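Enquirer: Taken in sequence, the protein lines are chains A and B.
Be aware that the first sequence starts at 1, since it is given in the numbering used here, and climbs by one per residue.
Be aware that the second sequence starts at 171, since it is given in the numbering used here, and climbs by one per residue.
2 protein chains.
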Amino acid sequence: MSPEMSLEMSPEMSTETDTLPTCSIARALDLVGDRWALLILREAHRGFTRFADFREVLGIAPNILANRLAALVEAGVLEKREYRAEGERTRSSYHLTPAGVDLKIVLAALQQWGDVHVPRADGPTVLRRNTRTGGLATVGFLDENGEPVPAEDVAFEPVPGGPADRRIWR
Amino acid sequence: MSPEMSLEMSPEMSTETDTLPTCSIARALDLVGDRWALLILREAHRGFTRFADFREVLGIAPNILANRLAALVEAGVLEKREYRAEGERTRSSYHLTPAGVDLKIVLAALQQWGDVHVPRADGPTVLRRNTRTGGLATVGFLDENGEPVPAEDVAFEPVPGGPADRRIWR
DNA sequence: TCCCCTGGGTTGCTCGATGCAACCCAGAAC
DNA sequence: GTTCTGGGTTGCATCGAGCAACCCAGGGGA
Chain A
1 MSPEMSLEMS PEMSTETDTL PTCSIARALD LVGDRWALLI LREAHRGFTR FADFREVLGI
61 APNILANRLA ALVEAGVLEK REYRAEGERT RSSYHLTPAG VDLKIVLAAL QQWGDVHVPR
121 ADGPTVLRRN TRTGGLATVG FLDENGEPVP AEDVAFEPVP GGPADRRIWR
Chain B
171 MSPEMSLEMS PEMSTETDTL PTCSIARALD LVGDRWALLI LREAHRGFTR FADFREVLGI
231 APNILANRLA ALVEAGVLEK REYRAEGERT RSSYHLTPAG VDLKIVLAAL QQWGDVHVPR
291 ADGPTVLRRN TRTGGLATVG FLDENGEPVP AEDVAFEPVP GGPADRRIWR
């Protein structure tokens, strides 16, 4: 969540602020908003780093995978590294950047929603574990003091005088 | 977050549990995982309900909008209602179901990520306001007691004996 | 030396989805 | 009975996903 993360923004993306979508949800979706991108990032959070692993576990076509990985690297959420196992040649691997790590909460929120609203009969297959206490974690709203806030008390509020008032703003 | 929400699941979706993707993130993405769906839902959370409003504010082609709205109704996150303003004929409107309302936390998490990692020079345009206290709300992890949990302490953990072990599970 | 294996891709083709433009239809107002 | 407005449908061009096949580099074994 560090503000200096913006240094990792995609370099070809214009620095002119008004060429970006006004809504931060739209900007986020421009980078990670397709099905494969989020599934790849889910696997990255599970610890996968190699092309062949992503391909096997997701059943994704190699050209699509190459395309998505390159886009995610460009978006600054994955980092391509070379590695070499002993007696092997150098290979490529893909690791989460801090921006990618910060997507954990987005994935967790989606997962929590899916578990509740599109359940399987055999229950959740992946849990969100608090590794410090051993308990389970949920995604929720917090106020400035770290106190939980009921979702129904939270409203999206356009900044007064901002551009989010009744025009095409995507 | 009520469990009886599963009654609102898409009726054409098979009840056979093994035809659904194993991962709840994938199941969630099957319903709301394309760019337009999430942007439509964002507008629904801002209070928009009418076809023409969605169309105008998003700049979306009408056939795509009709397609997406129908899919979201079928997915159980929007509900189509007829309404009639006085002196007008009946019209259609689209309202969030409880499942749709529960997506607020997903949209908020995406928005928060976008504000941090793809910022605009003029700052956020939409805030998450705690309507009870007037403060701002953030999205975070909570433990069973409602205490905040640092994101780095939360890990995705496959259920032991579950299907999430090293095969194609999408 | 030659061949094979493995990881990490690229190339070609097909086909469904997306986007735009144009058109349609119902009912109320004039 | 014509117009206006909301809520769509239809036709066509294009784009991207998916699958299959192929490629290429380096290391290991015969």
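Ideal Cβ positions, reconstructed from N, Cα and C, are used throughout, including at glycine.
Source: prediction; values computed, not measured.
#1: Where are the beta strand (DSSP E) runs, 3 residues long or more, that stay fully inside the region 182-258 of chain B, in chain order?
#2: For residue 136(A), which of 301(B), 285(B), 328(B) has the nearest alpha-carbon?
#3: Please state whether DSSP places residue 268(B) in a helix, a strand or coil.
#4: By the criterion of Cβ-Cβ separation under 9 Å, what are the contact partners of residue 304(B) in chain A?
#5: Given this structure, state the Cα-to-Cα distance separating residue 302(B) from residue 153(A), to the nearest angstrom.
#6: Hey, does residue 287(B) have any beta-carbon neighbour from chain A nearer than 8 Å?
#7: Hey, residue 110(A) and residue 276(B) are a contact pair by Cβ (cut 8 Å); roughly how many whole angstroms apart?
#8: Can you pull the chain A neighbours of residue 231(B), defined as C-beta to C-beta under 7 Å?
#9: How big is the Cα-Cα spacing for residue 251(B) and residue 112(A)?
#10: Let me know if residue 67(A) comes out buried or exposed under the rule of 16 or more other beta-carbons within 10 Å of its beta-carbon.
#11: According to DSSP, residue 133(A) sits in a beta bridge with which residue or residues?
#12: Run through chain A and tell me which residues come within less than 9 Å of residue 249(B), C-beta to C-beta.
#13: Indicate the three-state DSSP secondary structure (helix, strand or coil) for residue 155(A) in the structure shown.
#14: Measure the alpha-carbon distance for residue 204(B) versus residue 87(A) and round it to whole angstroms.
#15: May I have the straight-line CA-CA distance separating residue 144(A) from residue 294(B), to the nearest angstrom?
#16: Closest to residue 260(B) by CA distance: which of 220(B), 318(B), 330(B) is it?
#17: Answer with buried or exposed for residue 140(A), where buried requires no fewer than 16 other C-beta atoms within 10 angstroms of its C-beta.
#18: Taking the alpha-carbon positions, what's the residue 20(A) to residue 38(A) distance?
#19: Say the cut is 7 Å; is the CB of residue 106(A) nearer than that to a heavy atom of the ligand NAD?
#20: Which stretch, first to last residue, makes up the beta strand (DSSP E) that contains residue 106(A)?
#21: Tell me where the beta strand (DSSP E) around residue 308(B) begins and ends.
#22: List, in chain order, every chain A residue whose beta-carbon is nearer than 9 Å to that of residue 219(B).
#23: Just to make sure I have the definition right: I need the residues of chain B whose C-beta is within less than 7 Å of the C-beta of residue 130(A). Which are they?
#24: For residue 127(A) versus residue 318(B), is the C-beta spacing smaller than 8 Å?
#25: Please name the residue in 255(B), 292(B), 325(B) whose C-alpha comes closest to that of residue 160(A).
Expert: Taking the coordinates as given:
#1: 248-254
#2: Per the Cα distances, 328(B).
#3: helix
#4: Residues of chain A passing the Cβ test: none, with the nearest at roughly 10 Å.
#5: 6 Å
#6: yes
#7: 6 Å
#8: Simply none; closest approach about 13 Å.
#9: 28 Å
#10: exposed
#11: Paired residue(s): none; residue 133(A) is not in a bridge.
#12: The premise fails here: residue 249(B) is roughly 14 Å from chain A at the closest Cβ pair, so nothing lies under 9 Å.
#13: strand
#14: The alpha-carbon atoms of residue 204(B) and residue 87(A) are separated by roughly 43 Å.
#15: About 17 Å.
#16: 220(B)
#17: Buried: at least 16 other Cβ atoms inside 10 Å.
#18: 21 Å
#19: Ligands displayed in this structure: none; no statement on the ligand NAD is therefore possible.
#20: From DSSP, residue 106(A) is part of no beta strand (DSSP E) but of the alpha helix (DSSP H) over 104-117.
#21: Per DSSP, residue 308(B) is one residue of the beta strand (DSSP E) stretching across 308-312.
#22: Within chain A, no residue comes near residue 219(B); the closest Cβ sits about 15 Å away, beyond 9 Å.
#23: 313, 319, 323, 324
#24: no
#25: 292(B)
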